[in-house]
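Keeping their order, the protein sequence lines are chains A and B.
429 is the number of the first residue of the first sequence in this note's numbering; add one for each residue after it.
429 is the number of the first residue of the second sequence in this note's numbering; add one for each residue after it.
Glycine is no exception: its CB is placed at the ideal position from the N, C-alpha and C atoms.
Everything numeric in this text was worked out from a predicted model, so none of it was measured.
Data first, discussion second: the structure below is written as structure tokens.
2 protein chains.
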Amino acid sequence: MTDTEAATAPRRSDATRHAILRAARERFAADGYDRATIRAIAKDARIDPSMVMRYYGSKEGLYAAALDVDLRLPDPAAFDPQDVGRVLVSHFLDLWESNEMLSAMLRVGATSEAGAERMQGVFRDQLLPLARHMCPDPEQAATRAALCSSQVLGLALTRYILRFRPVVALSREEIVEWLGPTVQRYLTAPYPTPYP
Amino acid sequence: MTDTEAATAPRRSDATRHAILRAARERFAADGYDRATIRAIAKDARIDPSMVMRYYGSKEGLYAAALDVDLRLPDPAAFDPQDVGRVLVSHFLDLWESNEMLSAMLRVGATSEAGAERMQGVFRDQLLPLARHMCPDPEQAATRAALCSSQVLGLALTRYILRFRPVVALSREEIVEWLGPTVQRYLTAPYPTPYP
DNA sequence: GGCGTTGGCCAACAACCGTTGACCAACAAC
DNA sequence: GTTGTTGGTCAACGGTTGTTGGCCAACGCC
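Okay, structure coming up:
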């Protein structure tokens, strides 16, 4: 620490910090904001609850640190614009199943005001630029991006949170086949409902 | 009560019971299961918290009584099968905006296991029969009904819970125009994606 | 060796939760 | 007028939560 904000030599406590974050994501994803207690998170990370406070200040602070989400959306130049629907749905499925962060974010978003606002930010900042590149009229980009998120989040909600049986039973390919065209239409269809 | 389970003459306490239920629905819708405390609900209903326990046994019991949801889905014979998408989306919009029960159910469903199971039941029991009437292959009815709910609940989530700005800004007609065809396809399209 | 910093545990606090049971006013029945 | 029922309040219990502060062991530096 003698250095003035230099390359931050790795501290011994970094492992603990990381363990706390990992446990916090798991608990937030499984239990939501209220039921995910600091005590339970600390027990998972095998440290004392007071350590969580010391490293992250408060429960709110821990939540903010744990759910720093990057959707890692693909580059619009990397695929055929006519495939954007399938590509996106497939990507979100990957995201949701490889990482507990999104489930955590969704559960907390449905639980607390702060969580909802953070979620707004994530989808606005990351999905909107892609929508701007894909849709015919840039003025509609926000609306179209939001429509996409309504379907994608609806899938996540029914599949990972509410666990509707038929949605859980769907295979990855079936989901892409069903939702891909929907997302495609929301992003690229010339105007509301120009098909039968 | 002297009568053996007869027409139940209206008691004086019925008003209180009803006030409790109304307050409970509001609180569950606004705060979710955990944050909707019995004390707060009782204060809204202007009675003592212990009355809630007396009338509904426990918080779980209150929740079960407050969220006895009837989707009142329209009769399949009452509209053109080609319009089922728009009819359903429009109906769900009505439902969501006329009543706080659905918001409450969604928030609690995202919060607690019991809430999620109740929600499964509601959509399975009430949406599935309609799907059976509408879709080509009855074997797929469950899947198609679940896909519909994924889109409808995704809309409700982003509009009423997370309050994504562009979704909130959409007018009723725009929503019907955008989501109607999606729901229509999920219910009646002959097979996954038989269009470009 | 002495000593400050770091990483950690322990015990407690104040607040709030669901829940309980004792108590009370009003009213109807007899 | 007594008595039983109904609708309601009040005060408390036991448990859990986020949060705080004091104490302790290990290590690096001089």
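Let me know if residue i comes out buried or exposed under the rule of 16 or more other beta-carbons within 10 Å of its beta-carbon.
{"i": "Ser578(B)", "result": "buried"}
{"i": "Leu607(A)", "result": "buried"}
{"i": "Ala506(B)", "result": "exposed"}
{"i": "Leu609(A)", "result": "Note that residue 609(A) is Pro in the sequence shown, not Leu. Per the 10 Å Cβ criterion, buried."}
{"i": "Ser478(B)", "result": "exposed"}
{"i": "Pro564(A)", "result": "exposed"}
{"i": "Thr537(A)", "result": "Here residue 537(A) is Gly; the residue named in the question, Thr, does not match the sequence. Under this definition Gly537(A) is a buried residue."}
{"i": "Gly625(B)", "result": "Outside the shown range of chain B (429 to 624) lies residue 625(B), about which nothing can therefore be said."}
{"i": "Ser441(A)", "result": "exposed"}
{"i": "Ala559(A)", "result": "buried"}
{"i": "Val595(A)", "result": "buried"}
{"i": "Arg455(B)", "result": "buried"}
{"i": "Arg613(B)", "result": "buried"}
{"i": "Arg587(A)", "result": "buried"}
{"i": "Val514(A)", "result": "A small fix is needed here, since residue 514(A) is Arg in this sequence, not Val. It counts as buried."}
{"i": "Ala574(A)", "result": "buried"}
Please report the distance separating the alpha-carbon of residue i from that of residue j.
{"i": "His519(A)", "j": "Ala584(A)", "result": "13 Å"}
{"i": "Arg552(B)", "j": "Arg500(B)", "result": "14 Å"}
{"i": "Thr539(B)", "j": "Leu555(A)", "result": "26 Å"}
{"i": "Ala494(B)", "j": "Ala569(B)", "result": "29 Å"}
{"i": "Thr465(B)", "j": "Arg463(A)", "result": "14 Å"}
{"i": "Val611(B)", "j": "Lys487(B)", "result": "36 Å"}
{"i": "Val512(B)", "j": "Thr571(B)", "result": "17 Å"}
{"i": "Val497(B)", "j": "Val550(B)", "result": "7 Å"}
{"i": "Ala688(B)", "j": "His561(B)", "result": "This structure does not reach residue 688(B), given that chain B is present from 429 up to 624, and the question cannot be answered."}
{"i": "Ala451(A)", "j": "Pro557(A)", "result": "32 Å"}
{"i": "Leu598(B)", "j": "Val604(B)", "result": "10 Å"}
{"i": "Glu545(B)", "j": "Gln510(A)", "result": "38 Å"}
{"i": "Asp503(B)", "j": "Ala443(B)", "result": "33 Å"}
{"i": "Ala492(B)", "j": "Glu541(B)", "result": "13 Å"}
{"i": "Leu490(B)", "j": "Ile589(B)", "result": "22 Å"}
{"i": "Ser526(A)", "j": "Arg593(A)", "result": "21 Å"}
{"i": "Leu615(B)", "j": "Arg439(B)", "result": "46 Å"}
{"i": "Glu567(A)", "j": "Gly485(B)", "result": "54 Å"}
{"i": "Asp508(B)", "j": "Glu602(A)", "result": "28 Å"}
Mapping the DSSP letters down to three states, classify residue i as helix, strand or coil.
{"i": "Phe456(A)", "result": "helix"}
{"i": "Leu523(A)", "result": "helix"}
{"i": "Glu528(B)", "result": "coil"}
{"i": "Pro609(A)", "result": "helix"}
{"i": "Val497(A)", "result": "coil"}
{"i": "Leu590(B)", "result": "coil"}
{"i": "Pro557(B)", "result": "helix"}
{"i": "Ala464(A)", "result": "coil"}
{"i": "Arg474(A)", "result": "coil"}
{"i": "Asp508(B)", "result": "coil"}
{"i": "Gly485(A)", "result": "coil"}
{"i": "Leu585(B)", "result": "helix"}
{"i": "Ala617(A)", "result": "coil"}
{"i": "Ser540(B)", "result": "coil"}
{"i": "Arg600(B)", "result": "helix"}
{"i": "Asp503(B)", "result": "coil"}
{"i": "Pro566(B)", "result": "helix"}
{"i": "Arg440(B)", "result": "coil"}
Which residues in the same chain as residue i place their Cβ atom closer than 7 Å to its Cβ, once the five residues preceding and following it in sequence are excluded?
{"i": "Ala470(A)", "result": "Asp476, Pro477, Met479, Val480"}
{"i": "Ala457(B)", "result": "Glu528, Ser531, Ala532, Arg535"}
{"i": "Met547(B)", "result": "Met533, Gly537"}
{"i": "Tyr483(A)", "result": "Arg445, Ile448"}
Who are the Cβ neighbours of residue i in its own chain at under 6 Å, not counting the five residues just before and after it?
{"i": "Ala447(B)", "result": "Ala473"}
Would you mind giving the Cβ-Cβ distance between residue i and residue j, rounded to the nearest angstrom? I have them listed as a contact below 8 Å.
{"i": "Leu516(A)", "j": "Cys576(A)", "result": "7 Å"}
{"i": "Leu581(A)", "j": "Gly460(B)", "result": "At roughly 17 Å, the Cβ-Cβ gap does not stay under 8 Å, so Leu581(A) and Gly460(B) are not in contact."}
{"i": "Glu528(A)", "j": "Arg453(A)", "result": "5 Å"}
{"i": "Pro521(A)", "j": "Arg445(A)", "result": "The sequence given here places Leu at residue 521(A); Pro does not occur at that position. The Cβ separation is near 30 Å, so there is no contact."}
For residue i, collect the residues of the same chain with a Cβ closer than 8 Å to its Cβ; drop the 5 residues on either side in sequence, then sort them by chain order.
{"i": "Leu523(B)", "result": "Leu499, Arg500, Leu530"}
Return yes when at least one heavy atom of the ligand SAM lies under 8 Å from the C-beta of residue i, else no.
{"i": "Gln554(B)", "result": "Absence of the ligand SAM is noted for the structure shown, with no ligands found whatsoever."}
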